[in-house]
Amino acid sequence: MKAIKNPFSPKKRVAKKLEKKVAAEAAAEKLEKNLASELASDAVKTQGEEYLVDEYGRPINVMIPTAEVEEEFVPRDEDEAAVYKHLGMEGVIKLREMKGAVREDRNRIARDTMSAGIEGLTYLPYIGEAIDLSEIVNAYETGEDLSGEEVDPNVLAATAVAAALIPNIIEKPVRSGFRAIKKLIRK
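Written out as structure tokens, the structure is:
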């Protein structure tokens, strides 16, 4: 009687898993090499003749000597002069970055304040409708409202139409209700 081999034995399962793992690692390594060579060739293609390449098309890094500054540093203001005196050019660069961040914060605050002012003006009769109309036109042209936020122009138009119609629709029933109450009080 012949012994039947079990294809599901633990040794065979481990061997199959190991084979799959080795094959997957080899495929991943091959893919990584191909991707790296493609990226290198794309870099050479996009940069044109600025790069030297070897026989495989890979870019060759060429060290460029440090740049020599012909002009002397001229500070923009007193702060930069003081920082340059004590910390050098790196300190001036950090100072300019800090001032840029402050400038961005000021711009954001001004934009928010302007947005609130425009929002307040929209509650005035006729002026509000004109602002809403200009905001809708701006939204169709740029995709942004007057405060610079992204907005769907169709939603903005629907909101403006609803804001114009709803008070007029509500006004007539409310007036007739007040008239009915006045008549009841007089009787």
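Per our numbering, the very first residue in the sequence shown carries number 643; after that it's consecutive.
The C-beta atom is built at its ideal place from N, Cα and C for all residues, glycine as well.
| query | When the Cα atoms are used, what is the spatial distance from residue 741 to residue 752? | reply | 16 Å
| residue 769 burial status per 10 Å Cβ neighbour count (16 or more: buried) | exposed
| task | Quick one: grab the DSSP three-state call for residue 786. | result | strand
| query | Among the residues of its own chain, which have a CB less than 7 Å from the CB of residue 790, if the five just before and after it don't count? | reply | 753
| query | What do you get for residue 737, buried or exposed, if any count of 16 or more other CB atoms within 10 angstroms of its CB means buried? | reply | buried
| message | Going by DSSP, what residue range makes up the alpha helix (DSSP H) through residue 726? | response | 720–763
| Any idea which residues DSSP pairs residue 809 with across the strands? | Note: residue 809 sits in no beta bridge, so no partner.
| query | Who are residue 792's beta bridge partners in DSSP? | reply | 786
| said: What does the Cβ neighbour count give for residue 774, buried or exposed, with the cut at 16 atoms within 10 Å? | reply: buried
| Inter-stretch contact at 8 Å, needing at least 3 Cβ pairs: the region 809–821 / the region 779–793 | no
| task | Give the secondary structure of residue 815 by DSSP, where H, G and I count as helix, E and B as strand, and everything else as coil. | result | helix
| request: Check whether the Cβ atoms of residue 778 and residue 805 lie closer than 9 Å to each other. | output: no
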